[in-house]
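These notes are about the structure you will find just below.
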Amino acid sequence: MFSRAAEASPDGLVFLDAEDRIAWRNRVAEQHLGLHGERDAGLPVANLIRLPGFADFLARARAGESLAYRPQERKGKAYSVEAIRFGTDRKLLISTDVSHIERAENMRRDFVANVSHELRTPLTVISGYIEHMHDDAAPDPAEWKRQMEMVNDQAGRMLRLVDDLLTLSRLEDDTQPPGEEEFDVRDLIYDISAEGRRLSGGRHSITCEVAPTLLKGSREELRSAFSNLVSNAVRYTPEGGRIVLHWALREGKGVFSVEDSGIGIPEEHIPRLTERFYRVDRGRSRASGGTGLGLAIVKHILLRHQAALEIGSVAGAGSTFAAVFPAWRLRPLGEARS
Ligand code: ADP
Numbered sequence: 493m494f495s496r497a498a499e500a501s502p503d504g505l506v507f508l509d510a511e512d513r514i515a516w517r518n519r520v521a522e523q524h525l526g527l528h529g530e531r532d533a534g535l536p537v538a539n540l541i542r543l544p545g546f547a548d549f550l551a552r553a554r555a556g557e558s559l560a561y562r563p564q565e566r567k568g569k570a571y572s573v574e575a576i577r578f579g580t581d582r583k584l585l586i587s588t589d590v591s592h593i594e595r596a597e598n599m600r601r602d603f604v605a606n607v608s609h610e611l612r613t614p615l616t617v618i619s620g621y622i623e624h625m626h627d628d629a630a631p632d633p634a635e636w637k638r639q640m641e642m643v644n645d646q647a648g649r650m651l652r653l654v655d656d657l658l659t660l661s662r663l664e665d666d667t668q669p670p671g672e673e674e675f676d677v678r679d680l681i682y683d684i685s686a687e688g689r690r691l692s693g694g695r696h697s698i699t700c701e702v703a704p705t706l707l708k709g710s711r712e713e714l715r716s717a718f719s720n721l722v723s724n725a726v727r728y729t730p731e732g733g734r735i736v737l738h739w740a741l742r743e744g745k746g747v748f749s750v751e752d753s754g755i756g757i758p759e760e761h762i763p764r765l766t767e768r769f770y771r772v773d774r775g776r777s778r779a780s781g782g783t784g785l786g787l788a789i790v791k792h793i794l795l796r797h798q799a800a801l802e803i804g805s806v807a808g809a810g811s812t813f814a815a816v817f818p819a820w821r822l823r824p825l826g827e828a829r830s
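Quick note, the sequence shown lines up with residues 493 to 830 if you use the numbering used here.
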């Protein structure tokens, strides 16, 4: 009865005798600590768990003290181990899987480092220009104007970054999109295509193919997600390229897609594109005003609408980004309008 209960524990349990030899362990402890059932029974545990400081830690077996164990052969795994005294001279080792906590902590650290770096770069440029302008005793008006424009560009870049960070943090805070409504998806897509044409400034052909449908969701959030995809298509498609905004029903689901004839994306990058600050080509993203957060925002908005992002691309030939909505969010409307 007792061993069945101990086997059911999500933590690893190892009972040690007076000489710190393994008297009993559950299967979870075998997995966590890399122990092998029959072979290791009765052996001193300090011979089996090769961890600097482990012997001293075991000798102390102090309440509340824990040791981190990251097995070299199992990358990304981390366990917290505690040693507890019981009876007159017995000990219990408890191992807890903390891999997910370490992963979250690493992501948080990477994120802070990335944000700091992204803000530092434009700030360095701005302060360089200001210093130069301050020291320039006889400024040439044309040169002064050019420098002011550079400062303005960099300030704009910081503003876009902070805006995107605020959007992301708002999206992460509450899981429910605000104010869901049912709206005609055509109106939204026509608005966004007009916005895309403004951004393109006549450098691309931008067309729409839309099946009339009512879509239920946050119009404001979906506008932001769709226009991010269109803005990417414009920014990553060379002059003369073609961009098509598409809305169609596929097996009952609603699919919004943006297809471009742009630079495309090598396959190995595709699974990572929605990570915050992940870019295929950092220089190109920056030069076109990218923050590296657009697709992370798109992914969050779609998740809040139970929709999936599908990415297809051929390097050098173009990309298609599609948002696939569940049937219950849709209501088809009459005939198509071009
Ligand atoms: P960014 O601000 O850098 O555009 P995003 O999160 O929107 O950030 O996109 C991440 C990366 O995905 C981009 O840096 C770019 O490398 C790639 N990408 C996104 N959309 C496209 C596209 N339509 N064509 C080619 N590459 C794209």
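Cβ coordinates follow ideal geometry from the N, Cα and C atoms, glycine included. Every value quoted in this text rests on a predicted model; they were computed, and no experiment measured them.
- DSSP places Pro824 in no alpha helix (DSSP H) but in the uninterrupted beta strand (DSSP E) bounded by Leu822 to Pro824.
- Counting C-beta atoms within 10 angstroms of its own C-beta, Pro763 has fewer than 16 neighbours from the protein chains shown and is therefore classed as exposed.
- DSSP lists Thr812 as the beta-bridge partner residues of Gly804.
- Nearest C-alpha to Arg595 among Asp503, Ala570 and Asp627: Ala570.
- Annotation for Lys567: no alpha helix (DSSP H) segment contains it, and DSSP assigns it neither H nor E.
- For Phe549, there is no enclosing beta strand (DSSP E); the enclosing alpha helix (DSSP H) covers residues Phe546 to Arg552.
- In this structure, DSSP gives Thr580 a state outside helix and strand, which the three-state scheme calls coil.
- Using a Cβ-Cβ distance cut-off of 8 Å, the stretch 630 to 640 and the stretch 807 to 814 are not in contact, since fewer than three pairs of beta carbons, one from each stretch, lie closer than that value.
- In this structure, Asn724 has its beta carbon less than 7 Å from a heavy atom of ligand 1.
- In this structure Val772 is not in contact with Ile789, their Cβ atoms being roughly 18 Å apart against a cut-off of 8 Å.
- Below 8 Å, enough C-beta pairs join the stretch 514 to 526 and the stretch 570 to 588 to call them touching: three or more.
- A contact between stretches requires three or more CB pairs, one per stretch, nearer than 8 Å, and the stretch 816 to 826 fails this requirement with the stretch 772 to 783.
- Secondary structure note for Leu785: it is in no alpha helix (DSSP H), with a DSSP letter that is neither H nor E.
- Setting aside the 5 residues that flank it on each side, Glu635 has no residue in the same chain whose C-beta is closer than 6 Å to its C-beta.
- Excluding residues up to 5 positions away in sequence, Leu660, Leu663 and Glu664 lie with their Cβ nearer than 8 Å to the Cβ of His792 in the same chain.
- Shown here, Asp632 sits in coil according to DSSP, grouped into three states, outside any helix or strand.
- Remark: three or more beta-carbon pairs, one from each stretch, lie closer than 8 Å, so the stretch 681 to 689 and the stretch 736 to 747 are flagged as touching.
- Here the C-alpha atom of Gln668 lies approximately 6 Å from the C-alpha atom of Arg796.
- In the three-state reduction of the DSSP assignment, Arg711 falls in the helix class.
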